[in-house]
Structures are given as C-alpha cells and as structure tokens.
Amino acid sequence: MTDATEEIPEVDYVEGTGVPIRGNDIDTDQIIPARFMKVVTFDGLGEFAFFDLRFDDDDNEKDHPLNEERFQDANVMVVNNNFGCGSSREHAPQALMRWGIDAIIGEGFAEIFAGNCLALGIPTLTADHETINELQQWVDDHPDGDIEVDVAAETVRFGGKDISVSVDDAQRKALVEGIWDTTALMKANRNAIEETARNLPYLDHTRSDVEADD
Amino acid sequence: MSENTLYDKVWDQHKVTTLPNGQDQLFVGLHLIHEVTSPQAFGMLQERGLEVARPDLTHATVDHIVPTANQDRPYSDDAAERMMAELEENVRDAGIQFSDPTTGDQGIVHVIGPEQGITQPGKTIVCGDSHTSTHGAFGALAFGIGTSQIRDVLATQTIAMEKQKVRKIEVTGELDEGVEAKDIILEIIRRLGTEGGVGYVYEYAGETIENLDMEGRMSICNMSIEGGARAGYVNPDETTYEWLEQTDYFQAHPEKFDELKPYWESIRSDEDAEYDDVVEIDAGELDPVVTWGTTPGQGIGIDDPIPAPEDLADDKVDTARRAQKHMRVEPGESMEGYDIDVAFLGSCTNARLPDLRRAARIVKGRQVDDSVRAFVVPGSQRVQHAAEEEGLKDIFEEAGFEWRNAGCSMCLGMNEDQLEGDEACASSSNRNFVGRQGSKDGRTVLMNPRMVAAAAINGKVSDVRDIKEVTLA
Numbered sequence: 000m001t002d003a004t005e006e007i008p009e010v011d012y013v014e015g016t017g018v019p020i021r022g023n024d025i026d027t028d029q030i031i032p033a034r035f036m037k038v039v040t041f042d043g044l045g046e047f048a049f050f051d052l053r054f055d056d057d058d059n060e061k062d063h064p065l066n067e068e069r070f071q072d073a074n075v076m077v078v079n080n081n082f083g084c085g086s087s088r089e090h091a092p093q094a095l096m097r098w099g100i101d102a103i104i105g106e107g108f109a110e111i112f113a114g115n116c117l118a119l120g121i122p123t124l125t126a127d128h129e130t131i132n133e134l135q136q137w138v139d140d141h142p143d144g145d146i147e148v149d150v151a152a153e154t155v156r157f158g159g160k161d162i163s164v165s166v167d168d169a170q171r172k173a174l175v176e177g178i179w180d181t182t183a184l185m186k187a188n189r190n191a192i193e194e195t196a197r198n199l200p201y202l203d204h205t206r207s208d209v210e211a212d213d
Numbered sequence: 000m001s002e003n004t005l006y007d008k009v010w011d012q013h014k015v016t017t018l019p020n021g022q023d024q025l026f027v028g029l030h031l032i033h034e035v036t037s038p039q040a041f042g043m044l045q046e047r048g049l050e051v052a053r054p055d056l057t058h059a060t061v062d063h064i065v066p067t068a069n070q071d072r073p074y075s076d077d078a079a080e081r082m083m084a085e086l087e088e089n090v091r092d093a094g095i096q097f098s099d100p101t102t103g104d105q106g107i108v109h110v111i112g113p114e115q116g117i118t119q120p121g122k123t124i125v126c127g128d129s130h131t132s133t134h135g136a137f138g139a140l141a142f143g144i145g146t147s148q149i150r151d152v153l154a155t156q157t158i159a160m161e162k163q164k165v166r167k168i169e170v171t172g173e174l175d176e177g178v179e180a181k182d183i184i185l186e187i188i189r190r191l192g193t194e195g196g197v198g199y200v201y202e203y204a205g206e207t208i209e210n211l212d213m214e215g216r217m218s219i220c221n222m223s224i225e226g227g228a229r230a231g232y233v234n235p236d237e238t239t240y241e242w243l244e245q246t247d248y249f250q251a252h253p254e255k256f257d258e259l260k261p262y263w264e265s266i267r268s269d270e271d272a273e274y275d276d277v278v279e280i281d282a283g284e285l286d287p288v289v290t291w292g293t294t295p296g297q298g299i300g301i302d303d304p305i306p307a308p309e310d311l312a313d314d315k316v317d318t319a320r321r322a323q324k325h326m327r328v329e330p331g332e333s334m335e336g337y338d339i340d341v342a343f344l345g346s347c348t349n350a351r352l353p354d355l356r357r358a359a360r361i362v363k364g365r366q367v368d369d370s371v372r373a374f375v376v377p378g379s380q381r382v383q384h385a386a387e388e389e390g391l392k393d394i395f396e397e398a399g400f401e402w403r404n405a406g407c408s409m410c411l412g413m414n415e416d417q418l419e420g421d422e423a424c425a426s427s428s429n430r431n432f433v434g435r436q437g438s439k440d441g442r443t444v445l446m447n448p449r450m451v452a453a454a455a456i457n458g459k460v461s462d463v464r465d466i467k468e469v470t471l472a
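Residue numbers (numbering that gives the first Met the number 0), protein chains in the order written: chain A, 0 to 213; chain B, 0 to 472.
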C-alpha cells in the first residue's frame with residue numbers, strides 16, 4: 000500500500016494564545032448555523048464560525064470574543080461543558096480550524112464533535128470546572144499570554160504554572176504519534192477486513208465483485 | 000466493562016483489528032449517505048486517488064436540502080441544486096444506489112433505511128448524521144459520524160472507534176393517554192442530562208419499551224444523541240421481526256429472513272449481561288412533555304412549573320437563564336398556553352405513518368387556529384403516499400395544514416421551510432437549539448405529534464388530553 004506512507008503530522012504540542020468561549024451546552028448549530036452548510040467544500044467556513052452570536056440581522060458585530068481585536072490571533076479555545084453537542088456536522092470543527100483554532104481545552108466535549116476534531120488533528124483536552132474558569136479568566140486578562148499545550152504530557156502551561164489536563168488515551172496516542180488520519184492505516188488491513196466481512200451472516204457472500212487481490 | 004450485551008456482541012462480530020492508536024477498526028455493514036455531509040468526503044477520496052470500496056453496502060438519499068413544496072428541477076435554491084447535482088454525480092460514478100425523489104423511495108435517511116429493510120438487527124450502520132442512532136431500534140449498532148470518517152468508510156468500509164460503556168435504561172409502567180415514546184425520551188434526557196450519555200451507549204429495555212411499536216422505538220433511539228449517547232438500541236424481538244418481514248428486502252428474499260433470525264436472536268443481550276450502569280424510569284408517572292428552553296434536556300410535564308434556574312444543578316443554571324430569556328418564559332409558569340405561530344409535524348423523530356395517524360385523530364374535523372401556519376412533512380415518499388391513500392392528507396388539509404413532500408424541512412431549516420423572526424413553533428422534531436429552525440430569534444417547543452396537532456388547533460401549547468380524539472375511518 001503506497002498511500003500508507005502519506006505524511007500525517009504529529010500533534011504533540013500546541014503553543015499560542017487563547018480565546019475564552021463561555022457557556023455550557025454550546026451546540027453545533029451555534030458554532031456553524033445550518034444555512035452555511037449549503038456548500039460542497041469546507042473552504043471559507045472560518046468566517047462563519049459562531050456567526051449568529053457574532054453578528055446581528057444587519058451584519059453588525061455583536062459582543063463576542065471572536066469579534067474582539069485582542070483575540071484575533073488566538074489558536075487555543077477555552078470552553079466549558081458539553082461543547083459541540085448536537086449534530087455530527089464536521090463543518091463545526093472545520094469552521095473553528097479555519098478561523099485559526101489548533102487546540103480546544105474545556106470541561107467536556109460531545110463525543111462526535113471530539114471525534115471530528117481528532118480527524119482534523121485538533122486535540123480536545125479536559126479539566127475540571129475551577130481549572131477551566133481560572134484559565135478563561137487568565138486568558139481574558141492576558142490575551143497575548145503564551146499558552147503551551149503539551150498533548151503527550153497532558154499539561155497546559157500558562158502564566159508560569161502548569162496544570163494537568165486529560166486527553167483520551169487513543170486520541171493522545173493518535174495525535175502524538177501522527178496516526179490520527181485513519182484512512183491509510185485502516186486500508187492497509189485489507190485481508191483482515193475481508194476476513195471479518197466473510198464472517199458476517201447478513202452479507203451476500205455470493206457476490207463476485209468483492210475487491211479481488213491485485 | 001459491559002459483557003454479553005448486544006453492544007458487546009455486535010462489536011466483536013464486526014471488529015477487524017485493534018489499531019496502533021488503541022482504537023478498534025470495525026467493519027461497517029451499511030453506510031447511508033446524504034447530500035450535506037458526503038460531498039467533501041468524496042472530494043477527499045478523489046484527492047487521494049481512492050475509490051469507494053463497497054458501493055454495494057452504501058445507500059444514498061437526499062433529505063436535508065430538498066424542497067418540500069416545489070421539487071421541480073433545477074431547484075429554485077441554487078445552492079441546493081448544486082448539492083443535489085454533486086450527490087447525483089458522486090453516486091453515479093461510484094455505482095451507489097440512490098433513493099432519489101424520482102424513485103418514490105426518497106425520504107429522510109433514518110426513515111428510508113428501515114422501510115427498505117436494509118436496516119437490520121446486528122448490523123453496524125453509520126451515516127454522517129447524528130440521528131443515525133435511530134436504527135438502533137432494530138438492534139443495529141448505529142451511530143453518526145463526521146465527514147472525515149465518511150471518507151474512511153467510503154475508502155475502507157471500516158471505521159476507527161473506541162468501545163464505550165453500556166447503560167441500560169429500564170422503562171416500566173403503562174403510558175397515560177396522550178403520552179408517547181417521544182415523552183419517554185424527553186424525560187430520559189431531562190433526567191440524565193444532555194451530556195449524561197457521553198461515553199455511553201444506551202440500551203433501552205423494560206416492559207414499556209417492549210410494548211412500543213417499531214416507530215416508537217425509533218423515536219426513542221433517534222434522540223439518544225440529544226442525551227449525549229452516540230448510539231442507543233433496543234434488543235430485537237417479535238415486534239422487530241414482524242416489521243422486518245414486511246420490508247422490501249425480506250419480501251424479495253424470504254429465505255434470508257429464516258436464515259438470519261438465529262443471528263438476530265443470538266445478539267440479544269443475555270439475561271445475565273453485565274452493564275456499566277443501570278437506570279430505572281417509571282413512565283407510568285409521565286404527562287405529555289414539552290420543552291421550555293433551548294436544549295432537549297429542558298423538558299417538563301405539560302402541567303408542571305418551569306424551574307427556576309437557581310434550583311437546577313450548578314452547571315445548568317447559566318444555560319437555563321439564557322434559555323428562559325430566549326424563550327421569554329418565567330419560572331413558575333407552565334408551558335400550557337404558550338402562544339405559537341407555527342406547527343411543524345415532521346422530522347426523523349416523528350414523521351412516520353403511525354405518528355401522522357395519531358395526529359390526524361386530533362385534527363380531524365377541527366380547524367388550525369388563524370394565528371398558526373401549520374404543515375405536515377412526511378418522513379418519506381412512502382409514508383406520504385400511504386398517508387394519502389388512507390385519507391390522512393385530506394384530514395390535515397381540510398383542517399388547514401399544508402401537506403408537503405418528504406424531507407428534513409423545518410427540523411433544521413436548510414431548505415425554504417424556516418421560522419421567521421421570533422416565531423414560536425410547536426415541533427415534533429428533536430432539537431430546540433437557538434437558530435435551529437432557520438431563524439436565530441425563532442423559538443422551538445419540542446413535543447409529541449399529537450401535542451403538535453393540539454397546539455395547531457388551539458394556537459398555543461395545550462394538553463392534548465383535553466381534546467377528544469376522533470376515530471379515523
């Protein structure tokens with residue numbers, strides 16, 4: 000399999016400045032309203048991130064961290080609980096990534112959202128409510144302050160202190176070792192895939208067009 | 000860790016290997032695709048010079064953007080037309096079966112899979128849509144995926160996943176008149192929280208679930224994701240088998256039915272299966288549930304007072320305050336009497352034939368309130384035609400409902416069917432998120448289909464038990 004050698008970057012460390020997005024249960028319809036999903040590519044979704052929270056009916060800016068000049072270069076988003084709940088739309092993390100986000104630290108993430116982030120190489124790290132509040136406050140006070148996210152060590156360094164964060168085991172390994180793009184990884188297991196399929200009672204095993212060895 | 004549950008058995012049956020990152024690689028028995036989340040995945044495939052591995056295990060439909068009023072091509076919305084054309088090209092190139100509107104089989108992806116009999120017990124089913132959990136009603140292991148994962152499935156017919164915990168939700172008690180499957184799941188989400196299911200798969204069990212028809216079980220599994228659980232399922236039983244036997248697939252292959260039944264029986268959770276958590280719900284105490292807020296977990300019985308935010312758990316206070324401001328409701332009030340402007344009877348949660356029949360029994364011989372625009376969007380063309388055959392269309396139209404073609408419609412406002420301004424909508428759909436129905440100031444009140452019918456008639460959120468049901472001919 001030649002495509003198995005494709006270069007997938009290791010994401011063991013993210014450094015930059017933060018932006019706090021406060022509130023529990025921020026759903027994917029907030030992150031990217033459905034009307035911006037009438038597209039056949041993800042290009043250009045960045046400008047629509049949190050659109051309805053950022054702009055009023057006349058496209059005037061509303062109060063939102065993503066509108067604030069001081070957060071324009073941020074790449075680490077700090078969120079609260081159940082972030083990204085709702086739909087499976089990858090358009091949500093795609094929009095955040097294209098806005099400039101490289102890592103998200105929060106109290107908790109919806110599962111499909113976290114999986115979609117992983118597929119894009121964006122770590123989702125968790126910490127308790129107090130720690131997140133403290134980090135959000137610090138980011139507010141230090142918009143230019145350096146945040147170092149060590150995915151491998153599960154720590155975040157800011158303002159001269161280290162805090163512990165959690166990263167799901169498989170996510171950490173995938174990011175740190177650069178094996179988060181699973182297409183080639185899985186395709187390489189062709190024989191095992193066929194073996195599994197052969198043992199499934201509901202598949203039609205008489206078909207002749209199953210991938211022949213080539 | 001759970002043992003000998005349906006989840007464990009179906010997982011093991013489909014496990015290809017453990018990947019270097021620790022995730023398991025699972026074979027996918029059925030991949031459903033639609034126009035919104037798949038085009039980018041086909042694009043990624045093309046970039047990498049890969050082909051669709053198993054077009055025979057992939058099935059497409061169009062639902063999210065399809066207009067429900069005028070479906071003449073080209074669609075009046077250019078963006079929708081472009082998405083449809085892209086899907087047509089992708090399925091044609093790959094040789095994927097497409098239930099498009101000309102086939103009479105088109106509909107919401109979670110309605111057509113079961114209808115055609117391709118949703119079966121013991122299958123792994125994925126789709127780029129979070130409500131894929133619906134198919135769990137048949138004892139399938141079904142979950143929503145993102146577009147990069149769609150690329151994985153198209154390229155390999157497998158998916159990388161981590162095994163989750165299993166929570167058994169045992170529902171007992173006889174449902175009161177006017178109370179339906181929808182009310183059970185809204186209560187489960189209220190009780191366990193919108194994030195309570197993260198890391199879990201939900202097994203719905205107990206006599207109340209066993210007594211539900213397949214459509215009711217689908218409504219419940221459908222909203223698993225609103226409780227944070229990526230998948231939910233019901234063990235297959237005679238109700239499941241009777242339903243399956245009538246589907247296209249098993250009508251065409253009756254021998255398959257007998258052949259597969261032992262497999263379906265074998266994957267049921269064992270009597271002594273071990274669960275990571277067990278929760279009991281007494282559904283006998285339930286009143287029809289309506290939401291007062293902007294998450295599906297913010298539900299209450301129709302007579303109950305809206306809670307004061309400060310009486311809720313700490314992590315819910317802020318969300319509740321924002322929700323009450325948006326919805327313009329006050330703690331202590333009930334939702335009964337909340338004025339509505341729109342009544343939407345549709346979505347993958349509640350737009351199947353029995354849903355429409357129950358609503359029609361409320362509507363028949365009555366008139367939609369002057370202040371309300373009401374419409375029915377059947378879940379599929381088959382539901383639509385069956386409903387037309389048995390006279391439901393006439394009942395709804397005579398009452399002042401608009402009768403539309405099949406699609407997702409106002410559940411998420413990606414086609415022309417949208418709330419305007421701050422309209423309030425009594426909706427049989429699954430999400431009351433701010434902006435969900437197409438207007439960022441729109442207000443959504445989730446409820447069961449009969450309650451939607453009652454709200455349409457009265458122009459306000461009402462207790463359907465106060466309206467006498469009419470027998471249909």
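Note that CB positions come from ideal geometry on N, CA and C, so glycine has one too.
Can you tell me whether residue i is buried or exposed, with buried defined as 16 or more other CB within 10 angstroms of its CB?
i: E110 of chain A; result: buried
i: A136 of chain B; result: buried
i: H204 of chain A; result: exposed
i: E329 of chain B; result: exposed
i: L471 of chain B; result: exposed
i: G48 of chain B; result: exposed
i: R381 of chain B; result: buried
i: V277 of chain B; result: exposed
i: Q366 of chain B; result: exposed
i: N221 of chain B; result: buried
i: N546 of chain B; result: As shown, chain B starts at 0 and ends at 472. That puts residue 546 of chain B outside it, with no answer to give.
i: T102 of chain B; result: exposed
i: H252 of chain B; result: exposed
i: K459 of chain B; result: buried
i: D26 of chain A; result: buried
Please state if the CB of residue j and the CB of residue i are separated by a distance shorter than 7 angstroms.
i: I117 of chain B; j: L29 of chain B; result: yes
i: V200 of chain B; j: Q250 of chain B; result: no
i: V155 of chain A; j: V166 of chain A; result: no
i: V371 of chain B; j: A342 of chain B; result: yes
i: P19 of chain A; j: D161 of chain A; result: no
i: L134 of chain A; j: V77 of chain A; result: yes
i: T123 of chain B; j: L25 of chain B; result: yes
Compute the minimum distance between the beta carbon of residue i and the heavy atoms of the ligand SAM, and state whether it is under 6 angstroms.
i: T470 of chain B; result: Looking at this structure, you won't find the ligand SAM or any other ligand, since it has none at all.
Between which two residues does the alpha helix (DSSP H) containing residue i stretch?
i: Y337 of chain B; result: Careful: Y337 of chain B lies outside any alpha helix (DSSP H) and carries neither H nor E.
i: C424 of chain B; result: No alpha helix (DSSP H) holds C424 of chain B; the beta strand (DSSP E) holding it covers A423 to S426.
i: P448 of chain B; result: P448 to N457
i: F41 of chain B; result: P38 to E46
i: G215 of chain B; result: M213 to N221
For chain B, check one thing: does any of its Cβ atoms lie closer than 7 angstroms to the Cβ of residue i?
i: S87 of chain A; result: yes
i: A211 of chain A; result: With a pLDDT of only 40 at A211 of chain A, under the threshold of 50, the placement of this residue in the model should not be trusted; the figure read from the coordinates follows. So, not an interface residue.
i: M36 of chain A; result: yes
i: V77 of chain A; result: no
i: A73 of chain A; result: no
i: T130 of chain A; result: no
i: P32 of chain A; result: yes
i: K186 of chain A; result: yes
i: I25 of chain A; result: no
Hey, is residue i's beta-carbon within less than 7 angstroms of any beta-carbon in chain A?
i: A342 of chain B; result: no
i: F432 of chain B; result: yes
i: P304 of chain B; result: no
i: R464 of chain B; result: no
i: L312 of chain B; result: The displayed chain sequence assigns Ala, not Leu, to residue 312 of chain B. Closer than 7 angstroms: no.
i: L411 of chain B; result: yes
i: E244 of chain B; result: no
i: S147 of chain B; result: yes
Along the chain, where does the beta strand (DSSP E) containing residue i start, and where does it finish?
i: Q96 of chain B; result: Q96 to S98
Whole beta strand (DSSP E) elements within the stretch 246-334 of chain B, 3-residue minimum: 276-281, 288-290 and 298-300
Within the stretch 104-131 of chain B, ranges of the alpha helix (DSSP H) (whole runs, at least 4 residues): 108-115
4-residue-minimum alpha helix (DSSP H) runs that sit fully inside the stretch 340-364 of chain B, ordered along the chain: 352-362
Runs of beta strand (DSSP E) lying entirely within the stretch 403-444 of chain B, each at least 3 residues, in chain order: 423-426
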